[in-house]
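K.L.:
Pasting a structure below so you can have a look.
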Amino acid sequence: AQRVTQPEKLLSVFKGAPVELKCNYSYSGSPELFWYVQYSRQRLQLLLRHISRESIKGFTADLNKGETSFHLKKPFAQEEDSAMYYCALASGGYQKVTFGTGTKLQVIP
Amino acid sequence: GAVVSQHPSWVICKSGTSVKIECRSLDFQATTMFWYRQFPKQSLMLMATSNEGSKATYEQGVEKDKFLINHASLTLSTLTVTSAHPEDSSFYICSARNPAANHNEKLFFGSGTQLSVL
Numbered sequence: 001a002q003r004v005t006q007p008e009k010l011l012s013v014f015k016g017a018p019v020e021l022k023c024n025y026s027y028s029g030s031p032e033l034f035w036y037v038q039y040s041r042q043r044l045q046l047l048l049r050h051i052s053r054e055s056i057k058g059f060t061a062d063l064n065k066g067e068t069s070f071h072l073k074k075p076f077a078q079e080e081d082s083a084m085y086y087c088a089l090a091s092g093g094y095q096k097v098t099f100g101t102g103t104k105l106q107v108i109p
Numbered sequence: 001g002a003v004v005s006q007h008p009s010w011v012i013c014k015s016g017t018s019v020k021i022e023c024r025s026l027d028f029q030a031t032t033m034f035w036y037r038q039f040p041k042q043s044l045m046l047m048a049t050s051n052e053g054s055k056a057t058y059e060q061g062v063e064k065d066k067f068l069i070n071h072a073s074l075t076l077s078t079l080t081v082t083s084a085h086p087e088d089s090s091f092y093i094c095s096a097r098n099p100a101a102n103h104n105e106k107l108f109f110g111s112g113t114q115l116s117v118l
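Those sequence lines, one after another, are chains A and B. Taking this note's numbering, the leading residue of the first sequence gets 1, the next gets one more, and so forth. Taking this note's numbering, the leading residue of the second sequence gets 1, the next gets one more, and so forth.
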């Protein structure tokens, strides 16, 4: 069974402060991990994928297989980063995608 | 980019009636579509995986006869909530897998359907 855990329901940070949204996973095979973002009243959209190793909107995430983690980081939070963030794991060539419970990021001006 | 259209965006129905939600991939062929349910302030719960031309695969605890899924074409999957009850009230989201997409993004989401059962 595959599982994704996001321990924080809400994370509040001041503008300009560093951000780290935690994600841990459980999967016996080689996982494909993602971060999705949902801005207020908008649909879910892909933020980044671990294989691409890109930095999107200043966010990065590194897959740590030893710790089974895929934490999302940004050095300086901006107000427009306020949103719901979901960590997700895909297996079997996207035959199954499991989401974490999500973390609401609130950036305080 | 690829677009997934989900309709209706919200629906209110009486208890005991059935409601159909459509999920369409507008500019790609989706061999696989997923249906999720999202409770307030909770995660997306995968309900079922829908493969074109075959029966849907339901997650444990999801009633097949309650949530009928039909994936009759490569661009359309429907979820029918049969004999809806107030406890079925929720936000339902579909996503479609585009096998032809590049590695960065293969999964595209609909905008969701808010179902309220009175």
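Beta carbons: idealized from backbone N, C-alpha and C, even for Gly. All values derive from a computational prediction rather than experimental measurement.
1. Checking contacts by CB at 7 Å: is Leu44 (chain A) closer than that to chain B?
2. Tell me which residues of the stretch 88-101 of chain A have at least one Cβ-Cβ distance to chain B shorter than 8 Å, keeping chain order.
3. Going by CA-CA distance only, name the one from A:Asn24, A:Leu11, A:Pro18 that's closest to Phe59 (chain A).
4. Quick one: does Ser73 (chain B) have its CB under 7 Å from some CB of chain A?
5. Listed from N- to C-terminal order along the chain, which residues in the stretch 96-117 of chain B have their beta-carbon within a distance smaller than 9 Å of any beta-carbon of chain A?
6. So is Ser90 (chain B) in contact with chain A if we call contact Cβ pairs under 7 Å?
7. Let me know if Lys111 (chain A) comes out buried or exposed under the rule of 16 or more other beta-carbons within 10 Å of its beta-carbon.
8. Is Thr113 (chain B) near Lys20 (chain B), with beta carbons less than 7 Å apart?
9. Could you give the uninterrupted runs of the beta strand (DSSP E) lying entirely in the stretch 52-115 of chain B, keeping only those of 3 residues or more?
10. Does Ser5 (chain B) have its Cβ less than 7 Å from a Cβ in chain A?
11. Consider the C-beta atom of Gln6 (chain B) and the heavy atoms of the ligand ADP; say whether any pair is separated by less than 6 Å.
12. Identify the contact partners of Tyr86 (chain A) in chain B, using a Cβ-Cβ distance below 9 Å as the criterion.
13. Could you compute how far the alpha carbon of Gln29 (chain B) sits from the alpha carbon of Glu52 (chain B)?
14. Looking only at its own chain, which residues have a Cβ that is under 7 Å from the Cβ of Tyr39 (chain A), when we skip the five neighbours before and after it?
15. Looking only at DSSP bridge pairs, what is Ser12 (chain A) linked to?
16. Which one of B:Pro86, B:Tyr92, B:Ala84, B:Glu59 has the shortest CA to CA distance from Ser9 (chain B)?
17. Please state whether the Cβ-Cβ distance between Asp27 (chain B) and Val3 (chain B) is less than 7 Å.
18. Under DSSP, the beta strand (DSSP E) around Ala88 (chain A) begins and ends at which residues?
19. Reducing DSSP to helix, strand and coil, say where Glu22 (chain B) ends up.
20. Alpha carbon to alpha carbon, what distance is there between Phe108 (chain B) and Ala101 (chain B)?
21. Considering only DSSP beta bridges, list what His71 (chain A) is partnered with.
22. Beta carbons nearer than 8 Å to chain A: which residues of the stretch 18-34 of chain B have them?
23. Checking the sheet assignment: what are the DSSP bridge partners for Val3 (chain B)?
P.N.:
Taking the structure as given:
1. Leu44 (chain A) counts as touching chain B.
2. For the stretch 88-101 of chain A, the residues whose beta carbon sits under 8 Å from a beta carbon of chain B are, in order, Ala90, Tyr94, Gln95, Lys96, Val97, Thr98, Phe99, Gly100, Thr101.
3. Among A:Asn24, A:Leu11, A:Pro18, the Cα nearest to that of Phe59 (chain A) belongs to A:Pro18.
4. For Ser73 (chain B), the answer is no, since every Cβ of chain A falls outside 7 Å of its Cβ.
5. Residues Arg97, Pro99, His103, Asn104, Glu105, Lys106, Leu107, Phe108, Phe109, Gly110, Ser111, Gly112.
6. No, Ser90 (chain B) does not count as interfacial toward chain A.
7. Outside the displayed span of chain A (1 to 109) sits residue 111 (chain A), for which this structure offers no information.
8. Their beta carbons are not under 7 Å apart, which means Thr113 (chain B) does not touch Lys20 (chain B) by this criterion.
9. The stretch 52-115 of chain B contains these whole beta strand (DSSP E) runs: 67-73, 76-81, 90-97, 107-109.
10. Taking Cβ atoms only, chain A never reaches closer than 7 Å to Ser5 (chain B), which makes this a no.
11. With respect to the ligand ADP, the structure offers nothing, as it holds no ligand at all.
12. At a C-beta separation below 9 Å, Tyr86 (chain A) has these neighbours in chain B: Ser43, Leu44.
13. Between the alpha carbons of Gln29 (chain B) and Glu52 (chain B) lies a gap of roughly 10 Å.
14. Apart from the 5 residues on each side of it in sequence, Tyr39 (chain A) sits with its Cβ closer than 7 Å to the Cβ of Ala83 in its chain, given in chain order.
15. DSSP, once it has assigned bridges, lists A:Gln106 as partnering Ser12 (chain A).
16. Taking only the C-alpha atoms, the option nearest Ser9 (chain B) is B:Tyr92.
17. The beta carbons of Asp27 (chain B) and Val3 (chain B) sit closer together than 7 Å.
18. Residue range 83-91 is occupied by the beta strand (DSSP E) that includes Ala88 (chain A).
19. Under the three-state reduction of DSSP, Glu22 (chain B) is assigned to strand.
20. Whole-angstrom Cα-Cα distance: 10 Å.
21. In the DSSP output, where bridge partners are listed per residue, His71 (chain A) has none listed.
22. Residues Thr32, Phe34.
23. None, per the DSSP bridge assignment.
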